[in-house]
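Asks: Quick one: the structure is below, questions incoming.
Protein chains in written order, with the working numbering: chain A, 1 to 70; chain B, 1 to 587.
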């Protein structure tokens with residue numbers, strides 16, 4: 001306890017008392033956040049599935065003029 | 001040191017205190033530099049936490065992104081994918097928070113108290129996830145304003161450190177308050193990170209674009225990406241851009257995390273008055289630098305081994321190429337042998353079919369007889385070739401002029417104009433020369449540093465631990481003052497002041513005016529000294545109350561510098577040291 005930093009640390013309020021209500025509230029908030037996250041990912045993946053990319057079509061350019069490939 | 005030197009007048013006080021606060025605040029560039037050093041020093045032990053946490057999310061998200069773009073899947077499967085990705089995000093948040101906590105613990109010796117019990121841990125994870133989600137969403141929402149985004153982004157980083165520490169009172173608003181305290185620095189750091197992110201991102205882009213072309217040009221490796229069509233496909237792929245973004249993010253994010261660890265410790269020390277500079281000086285990075293100075297030989301050995309390995313790889317590649325060439329020649333000779341006409345006719349038919357098939361557009365990049373029109377890269381190579389040719393000719397002409405006429409080197413058997421830029425041997429020789437030059441330069445630098453360090457190590461006596469208050473009793477008064485003047489000469493002004501203060505304590509302790517103990521404050525030392533001073537036999541004749549007042553002034557000056565934010569000058573330290581010696585002559 002020799003230095004001012006230690007004295008300042010002592011003067012600060014301690015951690016809140018661990019109560020089951022507090023834990024329950026925090027876990028509920030976390031579960032809500034997790035569900036929101038799942039919904040967000042689901043929305044992004046749905047958008048992705050419904051709007052596929054235009055892929056390259058090699059068959060259009062493969063045939064040279066006047067050539068046929070059976 | 002006179003009191004006026006340290007204590008400004010009342011009218012100047014507000015201005016000086018604000019200037020002092022500005023000077024003692026950690027700048028964004030310093031935070032970034034310290035963060036980078038912290039990342040390097042803790043990479044071997046703690047970086048796996050970061051990468052283990054982030055890899056699953058990235059490695060799941062990109063394949064899922066690609067698959068969902070190609071295949072239409074059911075809503076149930078998509079829900080499973082979303083749950084997996086959310087789990088990956090949760091793992092990332094948890095592991096990154098652990099990583100930051102461990103780095104802070106290792107660097108600043110500040111143990112983080114973990115929640116005990118499954119319910120407490122679940123509550124901590126839930127709290128962390130909720131805070132991170134809210135702050136990330138707020139940062140993304142306020143991104144157009146930049147300042148708001150940086151404020152929420154900094155708070156989000158502090159949340160990783162605050163949410164898991166159960167020993168102190170932390171809150172969501174506490175993270176925002178910490179972010180407000182470093183708002184200017186956070187904004188500048190955020191702005192400084194944008195060019196860094198962009199630079200890493202551009203490097204990745206250039207690597208992805210140029211590397212296949214270089215492999216094709218130098219080694220003749222043909223890939224889909226070395227064609228124009230392949231590049232076009234790559235640019236059109238959103239998965240490629242996502243991977244690029246993820247790569248740039250993963251490359252810089254741990255450094256940002258370490259920078260915020262330093263900032264967090266700085267803000268905590270501002271609140272509590274810790275000696276942050278002393279803590280930073282004890283970082284593993286600094287110790288590693290000292291260790292490197294003492295023992296440079298293992299690194300040099302590693303450099304030499306690496307250079308030899310590169311050289312051996314290049315030479316083995318050359319040998320393999322020659323073997324493959326010889327095998328091709330022998331196979332061609334075998335095929336050209338006259339004899340049975342039946343197989344020969346079949347071979348001819350097969351060759352014609354192959355020729356016909358190879359006329360298709362998608363095989364053109366294999367075909368040497370139908371080269372593509374020169375691209376910008378080919379034109380660039382031709383320009384470089386002309387430039388190198390010109391420089392080489394100039395150098396050769398210069399050397400010919402300088403070369404003695406009687407001597408004729410045997411290297412010039414082949415005309416120099418026959419070489420091509422795509423010639424493998426040319427690039428091989430260039431790589432070997434550059435590798436040898438780089439290895440030589442590295443060795444030279446390492447040896448120069450290695451020869452310079454022992455002289456420093458021998459000349460300088462190790463500095464005692466000045467952070468321990470009881471260290472004052474370990475040396476005599478004169479030894480402390482000698483150490484103070486030495487530290488002052490080295491520019492370590494705070495430690496010089498600390499040594500002079502220890503000299504004062506040691507002198508008073510030797511004269512039995514006080515007893516040095518670790519658990520005593522300066523106020524207690526002052527009370528003890530005043531009590532004994534008043535009880536001395538001469539006090540009846542001469543009270544001399546100015547002596548305790550002088551000691552009170554000395555302690556106050558020291559407290560302002562060591563525990564406060566007072567900025568020292570060399571003159572102030574010299575005056576303080578001389579004042580203490582003078583004071584000890586009167587007691």
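Glycine included, C-beta positions come from ideal geometry on N, C-alpha and C.
Keep in mind it's a predicted model, so treat the numbers as computed, not measured.
1) Any C-beta of chain B sitting closer than 8 Å to the C-beta of residue 19(A)?
2) Report, in whole angstroms, the separation of the C-beta atoms of residue 101(B) and residue 161(B), which I expect to be a contact under 8 Å.
3) How would you write the range of the alpha helix (DSSP H) that residue 56(B) sits in, first residue to last?
4) Going by the CB atoms, is the gap between residue 267(B) and residue 182(B) shorter than 8 Å?
5) Starting from the beta carbon of residue 95(B), find every residue of chain A whose beta carbon is closer than 7 Å, and list them in chain order.
6) Runs of 3 residues minimum, wholly inside the stretch 202 to 229 of chain B: which ones carry the beta strand (DSSP E) assignment?
7) Keeping to the same chain, check which residues put their C-beta closer than 7 Å to that of residue 56(B); ignore five residues upstream and five downstream.
8) Would you call the stretch 468 to 477 of chain B in contact with the stretch 499 to 516 of chain B, where contact means no fewer than 3 C-beta pairs closer than 8 Å?
9) Keeping to the same chain, check which residues put their C-beta closer than 8 Å to that of residue 569(B); ignore five residues upstream and five downstream.
10) Kindly list the residues whose CB is nearer than 8 Å to the CB of residue 223(B), restricted to its own chain and excluding five residues on each side of it in sequence; keep chain order.
11) Please list the partners that residue 262(B) has in chain A, where partner means a Cβ-to-Cβ separation under 9 Å.
12) DSSP on residue 550(B), reduced to helix/strand/coil?
13) Taking a cut of 7 Å between CB atoms, which residues from the stretch 113 to 125 of chain B lie near chain A?
14) Note down, in chain order, every chain A residue with its Cβ under 7 Å from the Cβ of residue 437(B).
15) So, for residue 99(B): in the same chain, excluding its five sequence neighbours on each side, which residues have a beta-carbon less than 8 Å away from its beta-carbon?
16) So residue 579(B) is in the alpha helix (DSSP H); what residue range does that whole segment cover?
17) Can you find a heavy atom of the ligand NAP that lies under 7 Å from the Cβ of residue 19(A)?
18) For the stretch 70 to 82 of chain B, which residues have a CB atom closer than 9 Å to at least one CB atom of chain A, in sequence order?
19) Take residue 609(B) and list the residues in its own chain whose beta-carbon comes closer than 7 Å to its own, dropping the five residues that flank it on each side.
20) Let me see if you follow: with CB-CB separation under 8 Å, is residue 47(B) close to chain A or not?
21) Give a yes or no on whether 8 Å exceeds the smallest Cβ distance from residue 133(B) to chain A.
22) Does DSSP classify residue 146(B) as helix, strand or coil?
23) Under three-state DSSP, which class holds residue 110(B)?
24) One question on the structure: do residue 529(B) and residue 514(B) come within less than 8 Å of each other, judged by their Cβ atoms?
25) Flag residue 241(B) as yes if its beta-carbon sits less than 8 Å from any beta-carbon of chain A, otherwise no.
26) Is DSSP giving residue 490(B) helix, strand or coil here?
27) Using a beta-carbon distance below 8 Å, is residue 64(B) in contact with chain A?
28) Any beta carbon of chain A sitting closer than 8 Å to that of residue 68(B)?
29) Taking only beta carbons into account, state which residues of the stretch 479 to 506 of chain B come closer than 7 Å to chain A, listed in chain order.
30) Does any residue of chain A bring its CB to less than 8 Å from the CB of residue 560(B)?
Replies: Based on what the coordinates show:
1) no
2) 7 Å
3) 28 to 70
4) yes
5) Result: empty, since nearest Cβ-Cβ is about 16 Å, beyond 7 Å.
6) none
7) 88, 91
8) yes
9) 493
10) 212, 215, 216, 230
11) The premise fails here: residue 262(B) is roughly 18 Å from chain A at the closest Cβ pair, so nothing lies under 9 Å.
12) helix
13) 119, 120, 122, 123, 125
14) None at all; the shortest Cβ gap to chain A is about 44 Å.
15) 46, 47, 49, 50, 53, 254, 257
16) 570 to 585
17) The ligand NAP is not part of this structure, which contains no ligands at all.
18) 70, 71, 72, 73, 75, 78, 79, 81, 82
19) For chain B, the structure presents residues 1 to 587; residue 609(B) sits outside this window and is missing.
20) no
21) yes
22) coil
23) coil
24) yes
25) no
26) coil
27) yes
28) yes
29) none
30) no
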